[in-house]
Structure formats: C-alpha cells, structure tokens
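A.B. asks:
In this note's numbering, the protein residues as written are 74 to 299.
Structure follows, in structure tokens:
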C-alpha cells in the first residue's frame with residue numbers, strides 16, 4: 074500500500090527536521106537540497122501541475138528552507154515545462170522572492186533552465202529591468218547565467234540587459250549584471266572585452282570589477298589602463 078504524503082505533512086516534516094537550525098547557525102542550501110531530494114522521492118504524483126501546486130503552498134509559508142525545496146522541485150520537473158510555465162514562475166518571482174539569495178537560487182536553476190529551453194521568453198525578461206523591486210531587476214541579469222553556461226542563449230542578447238541596468242541605483246543589481254558579464258566573458262571573451270572597453274567610463278565600478286573577475290591578467294591590465 075502506497076502512502077500518500079500531503080502538503081501539510083511536508084511542511085511539518087521539514088520544520089521538524091530543521092528545528093533550531095537557520096542560515097545564521099550553519100544551515101546551508103546544500104543541506105536543504107539534500108533533504109529536499111529525499112523528500113521528493115516520497116511524492117507519488119510528480120506531474121508538473123501537482124508539483125507546482127505543492128511548491129506554491131511551500132512558498133506561501135515564507136520560510137527560507139521551504140523556498141529552497143520549492144525551487145528545487147520546480148527544477149526537477151524541467152522536462153515537463155510548457156507554455157504556461159513562464160507566467161507561473163514570473164508570479165513566484167514577484168510574489169515570493171524577497172532578496173538576492175532567493176533570486177539567485179530560483180533564477181540560476183529552474184527559471185534559467187526554462188529560458189534556456191525557450192529563448193523567445195527573453196522579451197518578457199527585458200521588461201523586468203524597469204521593475205520597482207531590485208530583486209526582479211537583478212533577476213533580469215541572473216536568469217541569463219544558466220543559458221550562457223549551457224550555451225543555450227543564441228536567441229538572447231545579454232548586452233541588452235546590462236545596457237538597461239547600467240546605472241541602476243541598487244548595488245545588488247549592479248553586481249548581478251556584473252556577474253552575468255563575468256560568466257559571459259568565458260564564452261565571448263572578445264565581445265565582452267569590447268563591451269567593457271566601450272562602457273568603462275560609465276559603468277559603476279562595482280559592476281566593472283565583477284565583470285573582470287574571470288578575465289586574464291593581460292586583458293584586465295589593458296582594460297584598467299586604457
């Protein structure tokens with residue numbers, strides 16, 4: 074006889090398992106994901122609709138560890154993503170993500186995978202650059218990291234995002250697109266070099282420094298001196 078585990082059970086089990094633990098006293102994303110993997114195996118119905126329903130209820134708890142599990146499970150059903158998935162994910166981004174950690178976790182896995190599957194969704198991502206919440210603007214850059222790393226961004230122009238966010242008022246947004254350019258520099262070295270050379274006098278230093286982190290010493294020296 075199969076045991077059907079309910080969402081409330083998942084929440085109670087997770088809260089009990091991590092009782093007394095937090096990010097402040099040693100609880101890490103990797104530890105939560107390890108637990109998430111075991112818990113996922115207890116779910117009998119792994120259809121995208123059921124998993125997303127569970128994820129949303131986990132996110133409704135507004136607990137960091139439950140959010141990590143939700144974003145992990147959303148990634149696990151990546152082979153079932155469909156035309157509606159973007160708008161589900163976008164609603165989660167705007168409703169549940171409240172900081173850079175959640176933003177990066179969600180966007181460098183589940184949401185980034187979705188964009189890598191369908192580059193045409195990039196037109197919606199561009200709109201985020203004008204959103205009032207800094208983590209949504211950061212997401213516009215960070216979501217590109219996964220497709221870039223997987224070499225599945227040929228229908229995407231990442232420089233549109235860095236152009237739109239060039240002088241953003243929030244340092245975490247600047248670091249976000251700087252991070253994206255850093256990753257891009259590993260696959261488009263010459264293009265990123267020309268972009269940084271062109272914009273070095275207007276790009277905030279924090280973004281510029283992040284973008285330079287993976288550049289070789291000679292290229293870095295030329296950019297710093299030119």
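Think of the CB as a built atom: it goes at the ideal place given N, C-alpha and C, for glycine as much as any other residue.
Fair warning: this is a prediction, and the values are worked out from it, not measured in the lab.
(1) Considering only the beta carbon of each residue, do residue 108 and residue 84 sit closer than 9 Å?
(2) Secondary structure at residue 221, three-state DSSP: helix, strand or coil?
(3) Could you tell me whether the region 89-109 touches the region 124-133, where touching means 3 or more Cβ pairs closer than 8 Å?
(4) Curious, which full-length alpha helix (DSSP H) runs of at least 4 residues does the region 218-298 contain?
(5) Answer with buried or exposed for residue 93, where buried requires no fewer than 16 other C-beta atoms within 10 angstroms of its C-beta.
(6) From this set, 267, 241, 194, 181, which residue's C-alpha is nearest residue 278's C-alpha?
(7) Tell me whether residue 75 sits in a helix, a strand or coil according to DSSP, three-state version.
(8) Apart from the five residues just before and just after residue 233, which ones in its own chain have a Cβ nearer than 7 Å to its Cβ?
(9) Inspect the beta-carbon positions of residue 174 and residue 214 and report whether they are closer than 9 Å.
C.D. replies: Working from what's here:
(1) Cβ distance not < 9 Å, so residue 108 and residue 84 don't count as in contact.
(2) DSSP places residue 221 in helix when its eight states are reduced to three.
(3) No, the region 89-109 is not in contact with the region 124-133.
(4) Correct list: 218-222, 231-238, 244-257, 262-272, 278-285, 290-298.
(5) Label assigned to residue 93: exposed.
(6) Ranking 267, 241, 194, 181 by Cα distance to residue 278 puts 241 first.
(7) Interpretation of residue 75 is limited by its pLDDT of 45, a score under 50 that renders its predicted location unreliable; no figure is taken from the coordinates.
(8) Closer than 7 Å at Cβ, skipping near neighbours: 199.
(9) The beta carbons of residue 174 and residue 214 sit no closer together than 9 Å.
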